[in-house]
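Visitor:
Number of protein chains: 4
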Amino acid sequence: MTPIGLAVIGAGYWGPNLVRNAMATPELRLEWLCDLDEARARAVLGRYTTVRPTASYERVLEDPAVAAVAVATPARTHFELVRAALDAGKHVLVEKPLTPTLAEGAKLVALAEERGRVLMLDHTFCYTPVVERIRELIRSGEVGDVQFVDSVRINLGLVQQDVDVLWDLAPHDLSILDYVLPPGVVPVAVAAHASDPIGAGRPCLAYLTLWLSSGAIAHVHVNWLSPTKIRTTVIGGSRRTIVWDDVNPAQRLAVYDRGVDLSAAGEDERHAALISYRTGDVVVPALPEREALRGVMGEFAAAIREGRAPRTDGRSGLRVLALLEAAQESIRSDGRRIDLGGYTR
Amino acid sequence: MTPIGLAVIGAGYWGPNLVRNAMATPELRLEWLCDLDEARARAVLGRYTTVRPTASYERVLEDPAVAAVAVATPARTHFELVRAALDAGKHVLVEKPLTPTLAEGAKLVALAEERGRVLMLDHTFCYTPVVERIRELIRSGEVGDVQFVDSVRINLGLVQQDVDVLWDLAPHDLSILDYVLPPGVVPVAVAAHASDPIGAGRPCLAYLTLWLSSGAIAHVHVNWLSPTKIRTTVIGGSRRTIVWDDVNPAQRLAVYDRGVDLSAAGEDERHAALISYRTGDVVVPALPEREALRGVMGEFAAAIREGRAPRTDGRSGLRVLALLEAAQESIRSDGRRIDLGGYTR
Amino acid sequence: MTPIGLAVIGAGYWGPNLVRNAMATPELRLEWLCDLDEARARAVLGRYTTVRPTASYERVLEDPAVAAVAVATPARTHFELVRAALDAGKHVLVEKPLTPTLAEGAKLVALAEERGRVLMLDHTFCYTPVVERIRELIRSGEVGDVQFVDSVRINLGLVQQDVDVLWDLAPHDLSILDYVLPPGVVPVAVAAHASDPIGAGRPCLAYLTLWLSSGAIAHVHVNWLSPTKIRTTVIGGSRRTIVWDDVNPAQRLAVYDRGVDLSAAGEDERHAALISYRTGDVVVPALPEREALRGVMGEFAAAIREGRAPRTDGRSGLRVLALLEAAQESIRSDGRRIDLGGYTR
Amino acid sequence: MTPIGLAVIGAGYWGPNLVRNAMATPELRLEWLCDLDEARARAVLGRYTTVRPTASYERVLEDPAVAAVAVATPARTHFELVRAALDAGKHVLVEKPLTPTLAEGAKLVALAEERGRVLMLDHTFCYTPVVERIRELIRSGEVGDVQFVDSVRINLGLVQQDVDVLWDLAPHDLSILDYVLPPGVVPVAVAAHASDPIGAGRPCLAYLTLWLSSGAIAHVHVNWLSPTKIRTTVIGGSRRTIVWDDVNPAQRLAVYDRGVDLSAAGEDERHAALISYRTGDVVVPALPEREALRGVMGEFAAAIREGRAPRTDGRSGLRVLALLEAAQESIRSDGRRIDLGGYTR
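Note that the protein sequences, when read in sequence, are chains V, U, W and F. Residue numbering for the first sequence follows the working numbering, beginning at -9 and increasing consecutively. Residue numbering for the second sequence follows the working numbering, beginning at -9 and increasing consecutively. Residue numbering for the third sequence follows the working numbering, beginning at -9 and increasing consecutively. Residue numbering for the fourth sequence follows the working numbering, beginning at -9 and increasing consecutively.
(1) Under the rule that 16 or more other beta-carbon atoms within 10 Å means buried, what is Leu148 of chain U, buried or exposed?
(2) With DSSP collapsed to three states, give me the class of Arg248 of chain W.
(3) Give the secondary structure of Trp284 of chain V by DSSP, where H, G and I count as helix, E and B as strand, and everything else as coil.
(4) Which chain U residues are close to Gly36 of chain W, counting only those with a beta carbon under 8 Å from its beta carbon?
(5) Do Ala60 of chain W and Pro90 of chain W have their C-beta atoms within less than 9 Å of each other?
(6) Give the interface partners of Val233 of chain V over in chain U, defined as CB-CB distance under 9 Å, in chain order.
(7) What number of angstroms, rounded off, separates the C-alpha of Asp186 of chain U from the C-alpha of Met(-9) of chain U?
(8) Return the residue from the list V:Leu283, V:Ala206, V:Arg327 that minimises the CA-CA distance to Cys116 of chain V.
(9) Count Cβ pairs between the region 153 to 163 of chain W and the region 181 to 198 of chain F that sit closer than 8 Å; are there 3 or more?
(10) Output the distance between the C-alpha atoms of Leu76 of chain V and Glu52 of chain V, rounded to the nearest integer angstrom.
(11) Around the Cβ of Gln151 of chain V, are there at least 16 other Cβ atoms within 10 angstroms (buried) or fewer (exposed)?
(12) Under a three-way DSSP split, which group does Val170 of chain W fall into?
(13) Give me whichever residues DSSP pairs with Thr336 of chain V in a beta bridge.
(14) From the DSSP output, in three-state form, read off Tyr3 of chain F for me.
(15) I want to see whether chain W comes within less than 9 Å of His81 of chain F, judged by CB atoms only; does it?
(16) Taking a cut of 7 Å between CB atoms, which residues from the region 41 to 65 of chain W lie near chain U?
(17) Comparing the C-beta of Pro187 of chain W with each C-beta of chain F, is any distance below 9 Å?
(18) Which ranges would you report for the alpha helix (DSSP H) in the region 84 to 164 of chain W if only whole runs of at least 4 residues count?
(19) I need the straight-line Cα distance from Tyr197 of chain V to His211 of chain V, nearest angstrom please.
(20) If we count Cβ pairs, one from each stretch, closer than 8 Å, do we get three or more for the region 136 to 148 of chain W versus the region 88 to 107 of chain W?
(21) Taking Pro275 of chain F as the query, report the chain U residues whose CB atoms sit under 7 Å from its CB, ordered along the chain.
(22) Are the C-beta atoms of Thr39 of chain V and some chain F residue less than 9 Å apart?
(23) With DSSP collapsed to three states, give me the class of Pro239 of chain W.
(24) Can you check which of these residues, V:Gly205, V:Glu281, V:Arg125, V:Leu18, is closest to Val41 of chain V by C-alpha distance?
(25) Is DSSP giving Pro193 of chain W helix, strand or coil here?
(26) I'd like the span of the beta strand (DSSP E) that includes Arg268 of chain W, first residue to last.
(27) Does any C-beta atom of chain V lie closer than 9 Å to the C-beta of Asp154 of chain U?
(28) At a CB distance below 8 Å, what residues from the region 314 to 328 of chain W approach chain F? Give them in sequence order.
(29) How would you call Tyr267 of chain F, buried or exposed, if buried means at least 16 neighbouring beta carbons within 10 angstroms?
(30) Compare the C-beta of Arg248 of chain V against all C-beta atoms of chain W and say whether one is closer than 9 Å.
(31) Cβ of Val245 of chain F within 9 Å of Cβ of Glu132 of chain F?
(32) Which term fits Gly189 of chain W, buried or exposed, when burial requires 16 or more other beta carbons within 10 angstroms of its beta carbon?
(33) Give me whichever residues DSSP pairs with Trp234 of chain W in a beta bridge.
(34) Using a Cβ-Cβ cut-off of 9 Å, state whether Gly205 of chain W counts as contacting chain F.
(35) So, helix, strand or coil for Asp324 of chain U, using DSSP?
(36) Please list the partners that Val224 of chain V has in chain U, where partner means a Cβ-to-Cβ separation under 7 Å.
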């Protein structure tokens, strides 16, 4: 089978990773690396490459050898770039967040459907072995009911020019949540607080509380100012609790058979002596080590080939946008609870 | 000097620790261990003791050899027990929270002042070497302005009968905050969310956001349902950031000279390129290993002897109660921001 | 049943722990704490005790209420103290090492047998839940053949007056090994190197290599000069590998189903391509938290009561002494391999 | 300046890393990747390269555009490949160990000197920021006298076909030691024990003890069978102790101001009470994150350009070989101490 011709758009922070992984994916054929600064694209490609750098997005879109583009430019440029690509009949892989507003994102999703083109979000974490396993553990019932989720993603992060910490980091947690929660469990409301203690002009730390349709709450802490890097997600279940510590490669995932049990009993006495503790073993599953972006590229190629929606399609991007917009509104109104409307799975 | 005669009230979870530390404090003379269940008091004291067990609080209060009592009973009993002790002219050390309501607490503080007796809160953590050092680091200016505080206190905790997780665990974080924040920086509002995902009849996990008078926010996560124990407080400052990891005795405290700096510049361009990163060394200060409760007992004895307010006096207890009540009100109203009234330092 | 009357001898570093645990053991009745420095014994007992301090060992041995003694004095005094106790008809629990020489130790073991008295070694670690579990894992076959043992016990240790690091720390590792190795697997030779880099007058760090009868080797590193505390034992097996990290209470024991396999094959090609890797799960067994010395006291009382040899009897002490003496001889002769004679299980 | 033409020889485990780093080094121009299996070389280079794959070493050596080769083939092939390259007038960078015997290595070093060509060892760790810093800390006197070195390098390693664990892993520790020890401090003797508990046909774990000219000892543990990865080196000094934990990127290097001090005093009493303990702070220096192989490539190019010996020249390779041969001899003779002859710095 002929590989699918691809162009990567954007040679900044993330673009080089797309380039490297596209080059390692047999189903793709990387044709161009496009950046407004052609010298930068050239430098990323290096001295030994047959891939062409260019500053002209038009040239890329006109190239019939290019069937798909992967967009890794600042979020504010996504709408125009993705629209142009879809209009030119290209399939599109785009960095998160899809667009700076839900309204724009919805237009792109509609356009992609109209044009019959794949629109895929690079929700990279959904392609890691650890998140796959977490999804399995939840869907198979091994975890039991999800009782709470607590996610911390903090480190000394790049204070960005065009996004705040909410839009920069929370999409990871929200897209992971979207991917692993069991069918039928969706966020129904959100409250958020944020702070810009260094005067950067935009929030550098934020806390989100999500109410889920099951009654449980999920909480997310994102922070650009922490000198230590913490990436820990705890998913408490009625049968098992999952602890995912992403900065500990020796024990990235641990499944605890420890918890608090509540025995069923007559209503009157139920709060009396019927709580008990389980102190069971912990299992650290063996996980393959592979680069998630390789999986992203593979899924993008497969979705194009098979004419189907990818695992992290445009609609998953809209669900994330809906949460981000509601969180932003909550931040503006002192942490008020904002109910989510439609964009739930 | 004759030691101060002391009775410990309550032989449950915490009482034995008070007994052991009182016995090791030369300035005190432990006379009684009092519990409604005298057999329990007897068992705690063991077979080799000269300390007397009793089930009669009256007997303790009537004993002229007893100048002070240390109360470690359920919170709902504090008001009556402390009031009786003060009325009997005893000095009182009491477990947190002082009382289940701010109004009751305020009455006790007023009574102690009226009677000229010491009323001290057992805010144990304020007597640990690590919290002392954190206070010094902040007060000396070494940390710079406090930009954010994030505190996590989670583990598989005892689901209690008469208090929820907020009233059980958050007093630790709130009393520490009360102790280490620089003069003039006080909480002005609070929002909180809580959840009871196991149907225990009371919240088992809670999140608090505190707005400080300086504009910074402090966040507290308390949770009884986590199979892993995490006790980490990060205090981000303009010059240094403190990471206190209380479950890592080899490195309980770390002071990071890493952060994000914002250079002063003309307004227009301030958000442009003026953010820079410091990647400095980390210092792990040598800290003495000593039991905090020993310090509590020493301070209690010294305050009595010197006729002065102890370091964690009744008023510090009221400030914690004010925060707990406001948090509770916020939980009841979907996380609404609740402004604090008077009880700030 | 009347409790067994006990005296603790030695109020130094370890004695207070024996006192505390004896007091908590219902089968024992602590009568005396004996130390040449009676004031020290008095201080250890505290102001609230009914236990008597004394400086007179004679008085202890003459007391008919005393049926057993627990000796926690410097090693050089063990021989005389234990002999006197056995001669007085007392049962004896003694700190490791049993005596400074194998010859003396053998005399005491013979004497105890002659007198029909219990002589027990305080090989404390053999009474920890983790060592019990390791023994089970090995004896049940779950680990498979023991392929190697590597034990590291280093920290900033007290440079002792009468013992070097070999005699101070290695008895722990050697007694654990003695306890957990499967029946029929015994050390047959030892080589050791040691060093006194600070001019302390005795070795402050040492390395031991033990050849086991199975062909495997065990290695022990003991060191008083390390600023970090490491207490890790790895036991590699043909089916599972055990990692015991004693300074990590959250994960003291981990059982790895990861390793290198060698498939059976024709001799010629066996070293070719038949090595494969297993990357299985890791299991962290739930272990109870209990103080090992409580188990030591219980076993001592039970052995006396039942007239049987305790789990860590005098002969286990001799096996450890035989290894220590051989290691010492090896150190003196530049690390030469020293074959062990008789004292193997 | 024209870049130096380079060919990488060997497209196995390490070759791709040399390729990647050579391509990123402006002073070099990668011309060929040579492997007996040309398809493998082609696969390593990928579909987008201008670098040529070849199976012909002759063709590489005949190419006048090639001024230097980097050899990453099995150790048993090094002698012939390096000799041919030097004979062809090429500069050579070679993987460790230089050759399987000291005699062969010495011939290559002599040949390189005769031909006036650079012969450099890829002692990669010597080009890491952490080893550079350790060297500085020792040479500047900050550590004081080196009192002991303990190095552990264990993990589930590839059981190799042509080298045992000693020759595979110990060169890292020995070359690092060679690099960081202060001038005048050299190994003078070595003893070693090894074991092949899985029947792999060659040692899979080994322990080395090195006696240094200063009187201190250094110890190395290498092991292919450990399910956990440990890479820790402790360098104990009279003033500071260094702990390098290479699997902990958040705290790779820690400098402890903790230790045991021995005060000078009259001979008689020196072992009495003159030992004291320091419990000082720990400093975790900020270290840049950069790939060591980049530094290797840069040094190789600079040495060629400047006509000077590289930092890890052929003689450093010989010193490592001398230690490996002596260790091997010791293993064969039950751990006997083997004195080193000439090849010391």
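C-beta atoms are modelled at their ideal positions from N, C-alpha and C, and glycine is treated no differently. These numbers were taken from a predicted model, which means no experiment stands behind them.
Guide: This is what the structure gives:
(1) Counting of Cβ neighbours within 10 angstroms places Leu148 of chain U among the exposed residues, the total staying below 16.
(2) Arg248 of chain W: strand per DSSP, three-state reduction.
(3) The residue asked about is misnamed: residue 284 of chain V is Arg in this sequence, not Trp. Three-state result, Arg284 of chain V: helix.
(4) The answer, in chain order, is Met13, Ala14.
(5) No.
(6) Chain U residues near Val233 of chain V: Ser216, Pro217, Thr218.
(7) Rounded to whole angstroms, Asp186 of chain U to Met(-9) of chain U spans 52 Å at the Cα level.
(8) That would be V:Leu283, whose Cα lies nearest to the Cα of Cys116 of chain V.
(9) Touching, no.
(10) Cα to Cα, Leu76 of chain V sits roughly 12 Å from Glu52 of chain V.
(11) Exposed: under 16 other Cβ atoms inside 10 Å.
(12) In the structure shown, Val170 of chain W falls within a helical segment according to DSSP collapsed to helix, strand and coil.
(13) Not covered by the structure: residue 336 of chain V. The range shown for chain V is -9 to 335.
(14) Three-state result, Tyr3 of chain F: coil.
(15) At a cut-off of 9 Å between beta carbons, His81 of chain F makes no contact with chain W.
(16) Cβ contacts with chain U: Val41.
(17) For Pro187 of chain W, the closest Cβ of chain F is nearer than 9 Å.
(18) Qualifying alpha helix (DSSP H) stretches, in chain order: 92 to 105, 119 to 129.
(19) One Cα belongs to Tyr197 of chain V, the other to His211 of chain V, and the distance between them is close to 5 Å.
(20) The region 136 to 148 of chain W vs the region 88 to 107 of chain W: no contact.
(21) Under the 7 Å cutoff, chain U gives Asp271.
(22) For Thr39 of chain V, the answer is yes, since a Cβ of chain F falls inside 9 Å of its Cβ.
(23) Of the three classes helix, strand and coil, the one that applies to Pro239 of chain W here is helix, per DSSP.
(24) It is V:Leu18 whose Cα lies nearest to the Cα of Val41 of chain V.
(25) Coil, per DSSP.
(26) 265 to 274 is the span of the beta strand (DSSP E), which, as asked, contains Arg268 of chain W.
(27) No, its Cβ sits nowhere closer than 9 Å to a Cβ of chain V.
(28) Under the 8 Å Cβ criterion, the region 314 to 328 of chain W contributes Asp324, Gly325, Arg326, Arg327.
(29) With fewer than 16 Cβ atoms within 10 Å of its Cβ, Tyr267 of chain F is classed as exposed.
(30) Proximity of Arg248 of chain V to chain W, defined by a Cβ-Cβ separation below 9 Å, is satisfied.
(31) With a cutoff of 9 Å on beta-carbon distance, Val245 of chain F and Glu132 of chain F are scored as near each other.
(32) Classification for Gly189 of chain W: exposed.
(33) In the DSSP assignment, Trp234 of chain W is bridged to W:Thr223, W:Leu243.
(34) So, interface residue.
(35) It is coil, neither helix nor strand.
(36) Neighbours of Val224 of chain V on chain U, chain order: Ser216.
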